[in-house]
Every structure is written in structure tokens, then in C-alpha cells.
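Undergrad: Reading the sequence shown from the start, the letters are residues 1 to 344 in UniProt numbering. Beta carbons: idealized from backbone N, C-alpha and C, even for Gly.
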Amino acid sequence: MRERRTLRTDGGADGLRRGQHESGARRRALRRAAARASAQCPPVERFARTIPRPAAACTMEPPAGRGAPHHQRGRTIMNTASQPPVFTLHRGTLPLLVSIPHAGTHLPDDIAATMTPVARHVDDCDWHLERLYDFAKTLGASVLVPSHARYVVDLNRPPDDANLYPGQDTTGLVPVDTFDRAPLYAHGHEPTVTEIARRRERYWAPYHGALAGELQRLKDAHGRALLWEAHSIRSHVPRFFDGRLPDFNFGTSSGASAAPGLADKLAALVDRHGGYTAIANGRFKGGYITRHYGAPEQGVQAVQLELVQATYMDETRPYSYDETRARRIAPLLEALVSAALEHH
1 MRERRTLRTD GGADGLRRGQ HESGARRRAL RRAAARASAQ CPPVERFART IPRPAAACTM
61 EPPAGRGAPH HQRGRTIMNT ASQPPVFTLH RGTLPLLVSI PHAGTHLPDD IAATMTPVAR
121 HVDDCDWHLE RLYDFAKTLG ASVLVPSHAR YVVDLNRPPD DANLYPGQDT TGLVPVDTFD
181 RAPLYAHGHE PTVTEIARRR ERYWAPYHGA LAGELQRLKD AHGRALLWEA HSIRSHVPRF
241 FDGRLPDFNF GTSSGASAAP GLADKLAALV DRHGGYTAIA NGRFKGGYIT RHYGAPEQGV
301 QAVQLELVQA TYMDETRPYS YDETRARRIA PLLEALVSAA LEHH
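(1) Taking the straight line between their C-alpha atoms, what separation do you get for Asn156 and Ala295?
(2) Would you grab the beta carbon distance between His231 and Leu307 for me? Rounded to a whole angstrom, and I think it's under 8 Å.
(3) Write down every uninterrupted run of the beta strand (DSSP E) in the stretch 289 to 340 whose length is 3 residues or greater and which is fully enclosed by it, in chain order.
(4) CA-CA distance, Pro246 and Gly286?
(5) With a threshold of 8 Å, are at least 3 pairs of Cβ atoms found where one atom belongs to the stretch 127 to 136 and the other to the stretch 319 to 339?
(6) Label Tyr312 either buried or exposed according to how many other C-beta atoms from any shown protein chain fall within 10 Å of its C-beta, with 16 as the threshold for buried.
(7) What distance in whole Å lies between the Cβ atoms of His106 and His148, which are believed to be in contact at a cut-off of 8 Å?
(8) Compute the Euclidean distance between the alpha carbons of Ala112 and Asp154, then round it to the nearest angstrom.
(9) Alpha carbon to alpha carbon, how far is Ala278 from Asn249?
(10) Cα separation between Lys219 and Thr138?
(11) Along the chain, where does the beta strand (DSSP E) that runs through Thr229 open and close?
(12) If you count every other CB in all the chains shown that lies within 10 Å of the CB of Gly172, and 16 or more means buried, which is it?
(13) Let me know the secondary structure DSSP gives Leu132 once reduced to three states.
(14) Flag Ala263 as yes when its Cβ comes closer than 7 Å to any non-hydrogen atom of the ligand GTP, and as no otherwise.
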């Protein structure tokens, strides 16, 4: 059974409301701290040609007699400055980059030591997506995957921690609670302004540097690029939406991050396939990555797919991969990615 934490105090219902208010105030304080710290780390410029090299940035082999990295067919680049790597980047041959920013599960020892027991389950991970999207490398796509959990830093949030859905509840750049509102940190051990800045520099910046650099490489090689943002989520998360989420949730920032009609086209393909539900630009319209890097006027499209986890795995611990369900949905995923690549 899924573990759920409820805020309780000796003051009954009034105490519960008080605890929720304090938790919300703590989240707001952390976001203000992140905003102040973000002045030290400006956003990655779209399609920057020079990949930032802060501590633990990706290392690449120097090319022979050239000032740019040497790219080999199907080559996988790994960070070698620490173990595990901050990310892995497989370079493909198509104008297609699959980014899976919430696939990581690793919690560094120094961070884990400050966390609650529930945090160490990394319940809000986008479980098994790299395995589900295994077809992407065979297809010829580039694939970018982090190793660290979103509880360390959320790679799909802006560096200033601005709320992407104003007026709605969201988790931040450095989350302080789970989707079920269970605290992630022991009391008094929430990340400081300095710690937020350190994590952004150590984990967020290298991933975005690699993402921007790979998009630029693909655009230089092909004249265009498609960024496919792969995500997954439990079918029921009352904090973020009522009832059951549709199986396929396509987001193109309400049409701003991709060519006209792309999200609707993909949802229609799911409908025609049958067996699954789909929606275009519904509750999930695309996070920071989709909104920041999607620039169809510059030849780069970005689409986010938030996939319900029940379509390919068990949604309760230990979050087992279901081979039968996965085999059923993988061909449809491949068809959707291919259709998006052709839509330009």
C-alpha cells in the first residue's frame, strides 16, 4: 500500500489547518529564497552553442584540430566528474531529442541525511521511462537522462522557481514536500538559499547545458529539431487534479512551443488507436523545458507527454514495471514520436 503522511497536531482540525498553513508558508519561503539565489545563475540561453561547464558538467572528448565536440553516431556521453553521473546523453542521428528529466532516483548521501524516511522512497519519480522509451535509441533519437531524483532539484522548473501555473499548487525547484504533501526534510533541515544555489549549479545547470547544446547540434545538422519531453505520473493525485487523469496528456504550452495543431493531432492518434484516453493542453500544458526551449519560429518544436503510470507499471510501491502493459503501449508511443517528428 502507498504510504500517505497526514499533518497532525494536538489541536484537532484547527491544528491541522495550522500545520497546513505552516507547510505552505515554508514552501513559499523556500521559493523566495530560490528566486533570490537565482540572480547568481541566469537561465540557459536557447540553443546556446557553448555548453556551461560548472562543477560536474558533462565532459566531452576534444575533437582533432577543432574547437567543437566530436560527435559519433549513436555515441553515449557520460559525466565523469562524479559518480553517479549527473546525466547521460546518447547522441542519435535524427533531429529528435527525448528528454526524461524526472527519471532519476539517486539521492546523494549528504542530502539524504537531512531527509525524512518517506523522501528516500522517491515516490514521485517518473519510474521506468528510460526503459519504456528504449525504442527511441533504435529509432535514431538522442536521449538525455539525469541520475539524481527530482527531490534533489527539479530540472523542469525555472531557475528562479517561478510558478508555471499561477494560482495552482505546484512543487518547486527544490521541493520540500511530496505530491501527497508529506515533508521531505527533517524539521530544521530544509535547504537554505546557499544550498539551493549549490544544487542549481551542481545538477540543474549541467543538464540544461547539455539539453541546449544537443538541440543546437541537431538544428545545425538538420535545420530543425524536435524536443520530446517524456514524463509520467500516477493516475490520481488530488493535490494537482480532480479524479483520474487521462492516459495521455500532451502539452505544447497551448500551441506556443510547437507547430499549430501538433498536440491535437497526437491526441487524435491515441483516440483512433483505441484503448486509451488522451487530451491536448489540458491540466499539463508543458513545464519549463517545453516552454523555454520550444521555439517553432526558430525551427525547434517541443512537446511534453505526461503519461499515466498505470498504462505500463504498478502505481504503488515497489513500482514494478509491467511487461504486458508496457509491450501494449510501446508501439503506440513510437508511432506518436514518429508522427510528431513528421509534423513541421
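TA: Judging by the given coordinates:
(1) Sequence index remark: in the sequence shown, residue 156 carries index 156 (1-based). Sequence index remark: in the sequence shown, residue 295 carries index 295 (1-based). Each residue's alpha carbon lies about 17 Å from the other.
(2) To locate residue 231, count along the sequence shown from 1; it is residue 231. To locate residue 307, count along the sequence shown from 1; it is residue 307. 7 Å between Cβ atoms; contact.
(3) Residue ranges of uninterrupted beta strand (DSSP E) with 3 or more members, entirely inside the stretch 289 to 340 and ordered along the chain, are 300 to 308.
(4) Against the sequence shown, residue 246 aligns to sequence position 246. Against the sequence shown, residue 286 aligns to sequence position 286. Their backbone Cα atoms lie some 15 Å apart in a straight line.
(5) These segments touch.
(6) Start at 1 with the first residue of the sequence shown, and residue 312 comes out as number 312. That one is buried.
(7) Taking the first residue of the sequence shown as 1, we reach residue 148 at position 148. Taking the first residue of the sequence shown as 1, we reach residue 106 at position 106. Right, the Cβ-Cβ distance comes to about 5 Å (below 8 Å), so this counts as a contact.
(8) On the sequence shown, residue 112 is found 112 positions in, with the first residue counted as 1. On the sequence shown, residue 154 is found 154 positions in, with the first residue counted as 1. Within the model, the alpha-carbon separation for Ala112 versus Asp154 is close to 16 Å.
(9) The residue given as residue 278 occupies position 278 in the sequence shown. The residue given as residue 249 occupies position 249 in the sequence shown. Between Ala278 and Asn249, the C-alpha separation is close to 6 Å.
(10) What you label residue 219 is simply residue 219 of the sequence shown in a count that begins at 1. What you label residue 138 is simply residue 138 of the sequence shown in a count that begins at 1. The alpha-carbon atoms of Lys219 and Thr138 are separated by roughly 20 Å.
(11) Walking along the sequence shown from the start, residue 229 turns up at place 229. In the sequence as displayed, the identity of residue 229 is Glu instead of Thr. Glu229 -> beta strand (DSSP E) spans 225 to 233.
(12) As a working note, residue 172 is residue 172 in the sequence shown. Buried: at least 16 other Cβ atoms inside 10 Å.
(13) In the sequence shown, counting from the first residue as 1, residue 132 sits at position 132. The answer is helix: DSSP assigns Leu132 an H, G or I state.
(14) This structure lacks the ligand GTP, and indeed carries no ligand of any kind.
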